[in-house]
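In short: position in the sequence shown from 1, add 447, done, that's the working numbering.
From the three backbone atoms N, C-alpha and C, an ideal C-beta is built for every residue, glycine too.
Input: a single structure, listed below in structure tokens.
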Amino acid sequence: MKLIVGLGNPGEQYKLTRHNIGFIFIDEYLKKNNITDIREKFKSLFVQTNHKGDKVFYQKPITFMNLSGEAIGETVRFFKIDPKTELFVIYDDMDIPFGKLKIKQNGSAGGHNGIKSIISHVGNEFVRIKFGIGKPKMKEEILSFVLGKFSPEEKEIVKNSREKIFSLIDDIKDDMTISRLMNKYNTK
């Protein structure tokens, strides 16, 4: 089993914001693969698929970012998913330059409230797929920055990053080990 989660906030006003990068990549992957049977379940938009005999779930919590762990925790418990090897979370990270990828198996929340919520519901060990969004010049601008829309240059980078993310999701589905995923996708 694999549970692939994209983090974001529900609602039109958040649709194309930096904080919704997880939603964006999950939506585009599902669209590219003609996966349309998405339902509201586990406090999220959720779909179950099969890949080579294994169950693969895609999830977008609709609890708002700060409560993402509620939705993910419910799903993990229901399907008896092992977060260490079967939970993959795609989200924005301000400590990484825009468009860079970094995969980690555990670690702190790094100030990300969605990750903090997930840790409180499933523990610290799950695979984090961080997409760099850079950071604002001043700390006071953080909220407006993460909830802000992409600049034209950033839109282009996101568009050009899709194939890499799609390939990463395919490798997850094909049971590539976490260490191999990190070697292949972590940007130097």
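Helix, strand or coil: how does DSSP classify residue i here?
i	result
Gln460	helix
Ile619	helix
Pro583	coil
Lys563	helix
Asn481	coil
Asp529	coil
Lys549	strand
Excluding five sequence neighbours on each side, which residues of the same chain lie with their C-beta closer than 6 Å to the C-beta of residue i?
i	result
Phe592	Pro583
Tyr476	Phe613, Ile616
What number of angstroms, rounded off, separates the C-alpha of residue i from the C-alpha of residue j?
i	j	result
Tyr461	Lys479	22 Å
Ala518	Pro508	6 Å
His559	Gly570	15 Å
Glu588	Thr464	14 Å
Lys527	Met585	42 Å
Leu594	His466	6 Å
Using a 10 Å radius around the Cβ and a threshold of 16 neighbouring Cβ atoms, would you call residue i buried or exposed?
i	result
Asn456	buried
Met541	buried
Ser626	exposed
Closer than 8 Å by C-beta to residue i: which residues in its own chain qualify, once you throw out the five before and the five after it? Chain order, please.
i	result
Val605	Ile468, Ile471, Gly546, Phe597
Starting from the C-beta of residue i, find all residues in its chain whose C-beta is less than 7 Å away, skip the five residues before and the five after it, and write them out in chain order.
i	result
His498	Lys620
Exercise for review: Could you say if the region 571–582 and the region 540–549 meet the contact criterion of at least three C-beta pairs nearer than 8 Å?
Suggested key: yes
Review point. Counting Cβ pairs closer than 8 Å, one from the region 509–520 and one from the region 559–576, do we hit at least three?
Key: yes
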